[in-house]
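J.: I have a structure I would like to understand better, so I am pasting it below and will then ask my questions one at a time.
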Amino acid sequence: MKIVREEYSRLRGRGEEGDQDSLHKLLTSGGQSEDLSETLAPLRTNVIEAVNELLLELDGIQDNISVQALEHIHSNEVIMTLGRSAAVEAFLREAARKRSFQVIVAEGAPYCQGHDLATSLAAAGIETTVITDAAIFAVMSRVNKVIIGTKTILANGGLRAVIGAHTLALAARHHSTPLIVCAAMYKLCPQFPNEENTVHKFVSPQEVLPFTEGEILCKVSAYCPVFDYVPPELITLFISNIGGNAPSYIYRLMSELYNPDDHQL
Amino acid sequence: MSDRDGPSSETSCGSGATSASPAPDGECKKFMQQKSGQELTKEEKQQLRKAKKQQKKHRKEDKTADVGNSFATEVPKKQQKDATANAASGDMPIGNEKSLTGKAKNELRAERKAKQDERAKQSKKLDQGQQAVSTKTKPVPSEPQQVVKRLPDYVQADDPAVCKKMAKKLERQQIPQRQDYGNKVGLFLHLHQYSRKMPLTQQLTTLSTVHPAIVRLGLQYSQGIITGSNARCIALLHAFKQVIRDYSTPPNEELSRDLVNKLKPYISFLNQCRSLSASMGNAIKFIKKEISNIAGSSREDEAKAILFECIDKYVKEKIHLAAEAISKSAFEKINEGDVILVYACSSLVTSILCDAHKRKKFKVVVVDSRPKLEGRETLRRLVKNGIHCTYVLIGAVSYILPEVSKVFLGAHALLANGYVMSRVGTSQIALVAKAYNIPVLVCCETHKFCERVQTDSFVSNELDDPDDLLVTRRGRTPLQDWQANSKLHLLNLVYDVTPPDFVDLVITDLGMIPCTSVPVVLRVKNVEY
Numbered sequence: 001m002k003i004v005r006e007e008y009s010r011l012r013g014r015g016e017e018g019d020q021d022s023l024h025k026l027l028t029s030g031g032q033s034e035d036l037s038e039t040l041a042p043l044r045t046n047v048i049e050a051v052n053e054l055l056l057e058l059d060g061i062q063d064n065i066s067v068q069a070l071e072h073i074h075s076n077e078v079i080m081t082l083g084r085s086a087a088v089e090a091f092l093r094e095a096a097r098k099r100s101f102q103v104i105v106a107e108g109a110p111y112c113q114g115h116d117l118a119t120s121l122a123a124a125g126i127e128t129t130v131i132t133d134a135a136i137f138a139v140m141s142r143v144n145k146v147i148i149g150t151k152t153i154l155a156n157g158g159l160r161a162v163i164g165a166h167t168l169a170l171a172a173r174h175h176s177t178p179l180i181v182c183a184a185m186y187k188l189c190p191q192f193p194n195e196e197n198t199v200h201k202f203v204s205p206q207e208v209l210p211f212t213e214g215e216i217l218c219k220v221s222a223y224c225p226v227f228d229y230v231p232p233e234l235i236t237l238f239i240s241n242i243g244g245n246a247p248s249y250i251y252r253l254m255s256e257l258y259n260p261d262d263h264q265l
Numbered sequence: 266m267s268d269r270d271g272p273s274s275e276t277s278c279g280s281g282a283t284s285a286s287p288a289p290d291g292e293c294k295k296f297m298q299q300k301s302g303q304e305l306t307k308e309e310k311q312q313l314r315k316a317k318k319q320q321k322k323h324r325k326e327d328k329t330a331d332v333g334n335s336f337a338t339e340v341p342k343k344q345q346k347d348a349t350a351n352a353a354s355g356d357m358p359i360g361n362e363k364s365l366t367g368k369a370k371n372e373l374r375a376e377r378k379a380k381q382d383e384r385a386k387q388s389k390k391l392d393q394g395q396q397a398v399s400t401k402t403k404p405v406p407s408e409p410q411q412v413v414k415r416l417p418d419y420v421q422a423d424d425p426a427v428c429k430k431m432a433k434k435l436e437r438q439q440i441p442q443r444q445d446y447g448n449k450v451g452l453f454l455h456l457h458q459y460s461r462k463m464p465l466t467q468q469l470t471t472l473s474t475v476h477p478a479i480v481r482l483g484l485q486y487s488q489g490i491i492t493g494s495n496a497r498c499i500a501l502l503h504a505f506k507q508v509i510r511d512y513s514t515p516p517n518e519e520l521s522r523d524l525v526n527k528l529k530p531y532i533s534f535l536n537q538c539r540s541l542s543a544s545m546g547n548a549i550k551f552i553k554k555e556i557s558n559i560a561g562s563s564r565e566d567e568a569k570a571i572l573f574e575c576i577d578k579y580v581k582e583k584i585h586l587a588a589e590a591i592s593k594s595a596f597e598k599i600n601e602g603d604v605i606l607v608y609a610c611s612s613l614v615t616s617i618l619c620d621a622h623k624r625k626k627f628k629v630v631v632v633d634s635r636p637k638l639e640g641r642e643t644l645r646r647l648v649k650n651g652i653h654c655t656y657v658l659i660g661a662v663s664y665i666l667p668e669v670s671k672v673f674l675g676a677h678a679l680l681a682n683g684y685v686m687s688r689v690g691t692s693q694i695a696l697v698a699k700a701y702n703i704p705v706l707v708c709c710e711t712h713k714f715c716e717r718v719q720t721d722s723f724v725s726n727e728l729d730d731p732d733d734l735l736v737t738r739r740g741r742t743p744l745q746d747w748q749a750n751s752k753l754h755l756l757n758l759v760y761d762v763t764p765p766d767f768v769d770l771v772i773t774d775l776g777m778i779p780c781t782s783v784p785v786v787l788r789v790k791n792v793e794y
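If you read the protein sequences in the order shown, they are chains C and D. Using my numbering, you'd call the opening residue of the first sequence number 1 and step up by one each time. Using my numbering, you'd call the opening residue of the second sequence number 266 and step up by one each time.
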């Protein structure tokens with residue numbers, strides 16, 4: 001949406017609003033609604049061009065993240081991860097080309113996507129161990145870093161990640177292990193977590209309690225949440241295509257992606 | 266027979282005459298050289314063994330005298346790990362819990378043996394070192410806490426000498442040894458990892474002397490048919506009752522000594538099937554003590570009746586009545602309208618909740634984890650009692666915790682430094698509950714208290730069958746060929762330890778105590794005996 005607005009304002013002849021670099025402008029610039037009702041012929045082609053550029057950028061994002069891998073993984077390190085994230089997989093494979101380290105993968109019941117990640121990492125020659133979710137705290141004392149991917153990054157720097165991520169983050173905090181999140185900037189979202197429907201999405205509890213347990217199924221409420229909220233205090237670093245960032249900086253990066261008027265999606 | 270792994274390479278008592286082999290072997294070699302050409306008779310073999318044991322005891326005493334008690338207490342040990350050849354009939358008592366008469370008898374016997382050995386030694390060429398040893402022949406049992414316990418064999422799977430010794434011992438007891446399965450994770454090379462598809466009972470020959478009740482029990486343990494600390498303990502005692510019932514004293518032996526010797530191979534067998542739990546260990550200790558306390562003058566059927574009564578009393582007092590007492594205490598802690606979280610399957614916690622539900626209304630959240638999925642058993646029992654339940658997997662615990670008011674956890678054992686050893690995942694639940702400021706209560710009977718100490722889940726644990734982690738979703742099993750890739754390991758832990766700062770209260774049959782008071786209870790129990 002920001003692309004559309006930018007193109008519009010460029011065509012209208014006005015210079016770009018400036019990225020609202022100063023905090024002051026950010027806070028006081030509330031009510032500048034533009035009049036978007038003028039139809040401009042070249043708007044469509046310009047927007048399509050800009051979107052194509054964005055698509056090209058998205059293709060290269062995976063590489064942008066993985067090239068930073070060697071800066072963060074030292075040799076003979078033990079890294080823990082949860083579930084399956086394409087960004088983390090590429091990150092680890094890139095690092096494995098030059099360094100040797102071990103990976104512990106927590107499977108992430110009930111989908112157990114960790115199993116797929118483990119087979120692919122082992123095929124790439126990395127020492128991998130698969131553990132159950134229940135053993136996360138038990139083995140955390142031997143882990144040097146925790147690297148996870150996420151579905152969304154929220155406006156306060158928190159995460160909406162795969163289920164079990166909050167427990168993993170708490171265990172890492174207890175052992176003072178750094179928690180690193182590998183995620184591209186397009187995952188940023190302007191919503192804050194205090195709205196009721198932000199974080200949780202549920203799927204059929206059949207994953208958790210299958211229909212074969214029929215006789216108790218009707219008397220029991222089973223839940224199968226898909227996502228977990230991780231507060232920003234538990235996160236050490238975000239690694240994205242523009243480099244590493246602390247969670248406290250996320251709100252500034254938001255402005256590059258979203259115009260303030262669009263914060264209420 | 267040079268496979269003894271002595272506690273140290275102390276060769277201070279090396280005899281000058283022989284080659285580099287340590288003293289006891291030098292001794293025995295001389296002895297054997299005397300009888301070269303003839304086959305050693307059974308008595309001579311026994312004597313040989315006794316002589317060796319005596320030497321070993323001397324060396325141990327040297328070591329403790331040098332190093333001091335403080336070192337000894339740091340060695341992690343399982344008190345009931347008596348599956349060693351050293352604990353032959355009436356040997357030096359482990360710890361101070363044996364009765365005084367037992368100690369006096371053993372002291373006398375040890376002294377007599379020592380004098381015999383001294384005479385045998387002095388008849389050959391002596392070294393100065395051996396003279397030093399012979400002056401220390403009297404054992405020193407009167408020092409408190411002389412706990413130079415040997416490290417249990419099941420946490421030494423990476424030491425080839427220990428493995429060989431174990432194999433020899435099992436051969437002597439005519440029990441097959443279980444082979445490790447699959448490539449083990451680097452951090453756990455010191456533990457055994459067995460496969461459920463290769464139970465030990467398949468390797469038993471028809472000539473084996475293991476009682477059928479024990480064979481059945483071993484199979485039930487290794488296949489996971491009987492699980493849970495209390496269930497295993499009760500099943501064990503039941504099987505021992507069968508053994509005692511079918512036992513008949515051979516002509517020249519005393520019941521008190523011979524029966525204990527008969528039980529040793531059975532215990533090794535059960536240990537090979539599945540590692541003994543803390544509750545089982547305490548029960549075995551109790552039985553051995555009872556058996557050895559039987560007066561030599563009583564008739565066989567009297568003795569058996571006494572033993573049956575003792576076993577029944579133990580089960581009744583320590584397990585059933587304790588559960589009732591804990592139930593009553595826990596009832597005070599449950600409020601009307603509470604939401605209580607439980608994890609996996611604990612017979613004690615389930616019975617507490619079922620009892621309490623008769624008088625108060627509350628809801629329960631059952632948290633479960635792969636691969637055992639024991640929570641479903643808890644769910645069935647609670648639903649049968651009409652309790653409203655919610656069921657989630659352990660990943661979702663941080664979602665459900667804000668609605669929970671208390672957490673009740675069961676324990677497999679309580680260690681002497683206040684750590685709680687329980688099913689893997691318990692520490693995670695306690696951690697997240699602490700983060701949300703929700704009280705965590707652990708329910709544990711006193712017969713599960715254990716004198717071991719442990720600070721992490723690596724040094725002593727149980728590795729279950731790694732194939733359990735495999736799962737088939739939508740027709741594919743990603744980890745199907747995990748053995749083909751040497752870089753891929755599967756880890757299936759059974760236990761983990763929870764630090765005491767996560768636990769707010771421990772409810773036992775002696776009352777409600779904080780986690781740190783466990784050694785006090787242990788001391789009280791020891792004084793009783």
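Where a beta carbon is used, it is the ideal one built from N, C-alpha and C, also for glycine.
(1) Chain D partners of Asp133(C), CB-CB under 9 Å?
(2) By the DSSP assignment, the beta strand (DSSP E) with Leu753(D) in it spans what residues?
(3) If the cut is a Cβ gap below 8 Å, which residues of chain C does Ile665(D) touch?
(4) Any idea which residues DSSP pairs Ser687(D) with across the strands?
(5) To the nearest whole angstrom, what separates the beta carbons of Gly164(C) and Gly640(D), a pair I think is in contact under 8 Å?
(6) Would Asn334(D) be called buried (16 or more neighbouring beta carbons within 10 Å of its own) or exposed?
(7) List, in chain order, every chain D residue whose beta-carbon is nearer than 7 Å to that of Pro110(C).
(8) In the DSSP assignment, the alpha helix (DSSP H) including Gln102(C) goes from what residue to what residue?
(9) Give the straight-line distance between the Cα atoms of Leu528(D) and Thr691(D), rounded to the nearest whole angstrom.
(10) Kindly indicate which residue of Pro704(D), Gln748(D), Leu680(D), Ile694(D) has the alpha-carbon position closest to the one of Cys715(D).
(11) Are the CB atoms of Arg99(C) and Ser75(C) within a distance shorter than 8 Å?
(12) Does DSSP put Gly60(C) in a helix, in a strand, or in coil?
(13) Ordered along the chain, which non-local residues of its own chain (more than five positions away) have a Cβ less than 7 Å from that of Pro636(D)?
(14) Just to make sure I have the definition right: I need the residues of chain D whose C-beta is within less than 8 Å of the C-beta of Gly125(C). Which are they?
(15) Give the secondary structure of Val508(D) by DSSP, where H, G and I count as helix, E and B as strand, and everything else as coil.
(16) Along chain C, in chain order, which residues have C-beta atoms closer than 7 Å to that of Cys654(D)?
(17) Let me know the alpha helix (DSSP H) ranges lying completely inside the segment 465-544 of chain D, each 4 residues or longer, listed in chain order.
(18) Tell me the rounded alpha-carbon separation between Leu674(D) and Ser460(D).
(19) Pull out every residue of the segment 711-741 of chain D whose Cβ sits closer than 7 Å to any Cβ of chain A, in chain order.
(20) Under the three-state reduction of DSSP, which class applies to Glu710(D): helix, strand or coil?
(21) CB-CB under 6 Å to Ala169(C), same chain, minus the five flanking residues each way: which ones, in chain order?
(22) Straight-line CA distance for Ile518(D) to Cys428(D)?
(23) Mind checking Ala397(D): buried by the 16 CB within 10 Å criterion, or exposed?
(24) For Lys628(D) and His653(D), I'd like the C-alpha separation in whole angstroms.
(25) For Lys219(C), which three-state DSSP category applies?
(26) List the whole-angstrom C-beta distance separating Leu159(C) from Thr167(C), where the pair is believed to meet the contact cut-off of C-beta under 8 Å.
(27) Within a Cβ cutoff of 8 Å, which residues of the same chain sit near Lys626(D), ignoring the five residues on either side of it in sequence?
(28) Within 8 Å (strictly less), CB to CB, does Ala700(D) reach chain C?
(29) Confirm, please, whether the CB-CB distance from Thr128(C) to Val162(C) is below 8 Å.
(30) On the premise that Ile703(D) lies in contact with Leu753(D), defined as a C-beta separation below 8 Å, what is that separation, rounded to the nearest angstrom?
(31) Can you look up Ser240(C) in the DSSP assignment and give me helix, strand or coil?
(32) Would you mind stating whether Ala269(C) and Val736(D) have Cβ atoms separated by less than 8 Å?
(33) Going along the chain, which unbroken runs of the beta strand (DSSP E) with 3 or more residues stay wholly within the segment 74-146 of chain C?
(34) Along chain D, in chain order, which residues have C-beta atoms closer than 8 Å to that of Phe192(C)?
(35) Might you give, ordered along the chain, the residues of its own chain that have their beta carbon closer than 7 Å to the beta carbon of Ser473(D), omitting 5 neighbours on each side?
(36) Tell me which residues share the same chain as Thr643(D) and place their Cβ nearer than 6 Å to its Cβ, disregarding the 5 neighbours each side in the sequence.
T.: Result, derived from the coordinates:
(1) Ser634, Arg635, Leu658, Ile659, Gly660, Gly690, Gln693
(2) 753-755
(3) Tyr223
(4) Asp761(D)
(5) Contact flag wrong, Cβ pair sits at about 16 Å.
(6) With a pLDDT of only 46 at Asn334(D), under 50, the local geometry of the prediction cannot be trusted, and the value read off the model is given with reservation. The residue is exposed, with fewer than 16 neighbouring Cβ atoms inside 10 Å.
(7) Leu658
(8) Where Gln102(C) is concerned, there is no enclosing alpha helix (DSSP H), although the beta strand (DSSP E) it sits in stretches over 102-106.
(9) 34 Å
(10) Leu680(D)
(11) yes
(12) helix
(13) Asp733, Leu734, Asn757
(14) Lys752
(15) helix
(16) Val220
(17) 477-487, 494-510, 520-538
(18) 29 Å
(19) The structure shown has no chain A; the protein chains it does contain are C and D.
(20) coil
(21) Leu179, Val230, Leu234
(22) Note that residue 518(D) is Glu in the sequence shown, not Ile. Their Cα atoms are separated by approximately 32 Å.
(23) Only weak support is given to the placement of Ala397(D): the predicted model assigns it a pLDDT of 43, under 50, and the value that follows is read from those uncertain coordinates. Exposed: under 16 other Cβ atoms inside 10 Å.
(24) 5 Å
(25) coil
(26) Wrong, their Cβ atoms sit about 13 Å apart, outside the cutoff.
(27) Glu601, Gly602
(28) yes
(29) no
(30) Contact flag wrong, Cβ pair sits at about 37 Å.
(31) strand
(32) The structure shown does not extend to residue 269(C), since chain C is modelled only from 1 through 265, so no value can be given for it.
(33) 78-82, 102-106, 127-131
(34) Neighbours of Phe192(C) on chain D: none; closest Cβ ~18 Å, over 8 Å.
(35) Gln439
(36) Cys610, Thr615, Val631
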